[in-house]
Amino acid sequence: MIMGGRGAGKTRAGAEWVRSMVEGSLPLDKGEACRVALVGETFDQVRDVMIFGDSGILQCSPPDRRPVWKASERKLVWPNGAEAQAFSAHDPEGLRGPQFDAAWVDELAKWKKAGETWDMLQFALRLCAGAFAGVCIGCRR
């Protein structure tokens, strides 16, 4: 869990964590995770902040490891075949069915359906015994 105020580097840390999970030593080598859930308050926030943002996954990725965004499928695909799929906390049921070995959760504290979404995510983290989520939370007064 990463907690910090605005500009503390939570998004960058989350993006780098996802990269560290899906990338291997060489661009086509497999990493520890092959399927990652990207969960934010809204789908637009996942896309605009976590994926395309100034500190998002695409900005942090070197050219030979940069994933491709497949908008119609709402997912990123890395050169090594790893995938990260975008989900909104407004739709906890969207996490019913898919399965993952890791998840990056952003701004959990401001989700209106935090409990429901978190519970559904726990069921989806079932691809391996060591599946877990990286969580970024902003501080609020």
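According to this note's numbering, the sequence shown is numbered sequentially starting from 5.
Heads up, the beta-carbon is just placed ideally off N, CA and C, and yes, glycines get one too.
Rounded to whole angstroms, Asp68 and Leu62 show a C-alpha spacing of 12 Å. Taking C-beta atoms under 8 Å as the contact rule, Gly18 and Asp110 qualify, at a distance of about 6 Å.
Taken through DSSP and simplified to helix, strand or coil, Phe56 comes out as coil.
In the structure shown, the three-state DSSP call for Ala88 is strand. For Leu62, the enclosing alpha helix (DSSP H) covers residues Ile61 to Cys64. According to DSSP, residue pairing for Trp73 in a beta bridge involves Leu80. Burial is judged here by how many other beta carbons sit within 10 angstroms of a residue's own beta carbon; Phe91 has at least 16 and is buried.
Rounded to whole angstroms, the gap between the alpha carbons of Gln126 and Val72 is 27 Å. Taking the Cα positions, Ala88 is about 22 Å away from Gly119. In this chain, the alpha helix (DSSP H) harbouring Gln126 covers Ala118 to Ala128.
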